[in-house]
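Heads up, the thing below is written out as structure tokens.
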Amino acid sequence: MTPRQTPRILVIRRDNIGDLVCTTPLIHALRQHFPEGWIGALVNSYNAPVLAGNDDLDEVFVYTKAKHRNGGESLAGIFWRRFLMLWRLRRMGLDDVIIATPLPLPRMVRLARWLKPKRVIAFGACGADVELPPADEILHEVEDVFRIARLYGIEGPPPSCRVQAPLPRQTNRLAIHISARKPSQRWPAERFVALIQALGASQPGLSFRLLWAPGGASDPRHPGDDDKARTILQDLGPAFPVDPVATQTLPELIKALAGCDGMICADGGAMHLGAGLGLPIVCLFGDSGTERWRPWGVPCRVLQAPSRQVRDISVEEVVEALNALRADTPAPSP
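Printed below as a string of structure tokens:
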């Protein structure tokens, strides 16, 4: 089947924050290829802010997972709103539904078929009309997802990730993101203190924005780093040029990152947001694959200890990586 020049395409990506960021190059390429087509995205309430202000999309459809519902929302209400949204999509006469997760998802294919598109495109043996086989080499998540673009005659490498910045960036402000979901990605508070002190001494014009997920470390549902941030700020002292920002929501995190011109962090959703905002990044990797998950489309330095534990990366390695990155990166446009 040859796609018409004004297709109606729905992209489904219901996964984590970084997964959706890594899907934005495909969405952008589709928009460039089909400037008059209709392109929508179906995402969940957790990752939807990634697409806020994205002008490649005509509409973003958002549903709430039961585990993400607010205190005043009932399960019945969530399911009813989801049904109404899906019914509207079913009536739109979609040409293609793309399931952009590079894994076989038979249940998602069944949902896509209920929307009555002309084609369902997905990865692996899952009952879709077009099934992309597993890649025969290690690819970045962006590259793997972007294989879908070839079905539309789109050639060339994937473009950069795209997250809309809600405000201009500020030069010489470095984001330091201290939170990490996986234990292998966590760096001790005293290393962050030593790092920030070393960078402040060697680069007097540099200011810092300390970012973390709020809450207590023992919270079983949403563990946070209030105690870790408090320790870092106390050890730095009140006169140090550091702006503390506890980011309760994803829009708050995006806004805080957008006001910086560089970033140091562990691998995770915040790293991919920084890449989508165009920030040069020094990234500390623990027990995850750098080829698959490194920052895409931005200047970066990736550090990973042989033990695959972030705690085994030294302060000196991070300082050296940031200095090299800043030396090689042109000054950003205001």
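Okay, so the sequence shown: first residue is 1 according to UniProt numbering, each after it adds one. The beta-carbon is built from N, C-alpha and C at its ideal position, and this holds for glycine as well. Bear in mind that the values here come from a model prediction, so they are computed numbers and not experimental data.
query                                                                                                                                                                             : result
Contact between the region 272 to 285 and the region 304 to 318 is defined here as three or more beta-carbon pairs at a separation below 8 Å; is this criterion met?              : yes
Judging by CA-CA distance, which residue of I281, A189, A213 and D243 is the nearest neighbour of D267?                                                                           : I281
On the DSSP letters alone, give me the boundaries of the beta strand (DSSP E) that H177 sits inside.                                                                              : R173 to H177
Run through the DSSP bridge pairs and tell me what Y63 is partnered with.                                                                                                         : N44
Evaluate the contact criterion for the region 139 to 147 versus the region 226 to 235: three or more CB pairs, one atom per stretch, below 8 Å.                                   : no
Can you tell me whether I17 is helix, strand or coil according to DSSP?                                                                                                           : helix
Just list the residues that DSSP pairs E131 with in beta bridges.                                                                                                                 : A122
Spell out the partners DSSP gives residue 377 in its beta bridges.                                                                                                                : The first residue shown for the chain is 1 and the last is 334, placing residue 377 beyond what the model contains.
May I ask you to verify whether the region 263 to 277 touches the region 148 to 166, counting CB pairs closer than 8 Å and requiring at least 3?                                  : yes
Tell me the rounded alpha-carbon separation between W87 and L115.                                                                                                                 : 7 Å
Kindly list the residues whose CB is nearer than 8 Å to the CB of A213, restricted to its own chain and excluding five residues on each side of it in sequence; keep chain order. : S179, H222, P223, G224, D225, A246 and T247
Taking only three categories from DSSP, how would you classify Q32?                                                                                                               : helix
With C-beta atoms as the reference, is L20 less than 7 Å away from N47?                                                                                                           : yes
In whole angstroms, what separates the C-alpha of I9 from that of P159?                                                                                                           : 19 Å
Going by C-alpha distance, which of S218, E291 and M92 is nearest E59?                                                                                                            : M92
Which ranges would you report for the beta strand (DSSP E) in the region 259 to 321 if only whole runs of at least 3 residues count?                                              : 262 to 266, 281 to 285 and 300 to 304
Which value, in whole angstroms, describes the spacing of the CA atoms of L322 and I176?                                                                                          : 12 Å
Report buried or exposed for W293, applying the criterion of at least 16 other Cβ atoms within 10 angstroms of its Cβ.                                                            : buried
Going by Cα to Cα distance, which pick from I99, L174 and T6 is closest to F146?                                                                                                  : I99
Among the residues of its own chain, which have a CB less than 7 Å from the CB of M127, if the five just before and after it don't count?                                         : Sequence inspection shows Gly at residue 127; the Met mentioned does not correspond to that position. Cβ neighbours of G127 beyond the five flanking positions: P106 and V109.
Please give me, in chain order, every unbroken run of the alpha helix (DSSP H) with length at least 4 that falls completely inside the region 79 to 126.                          : 106 to 114
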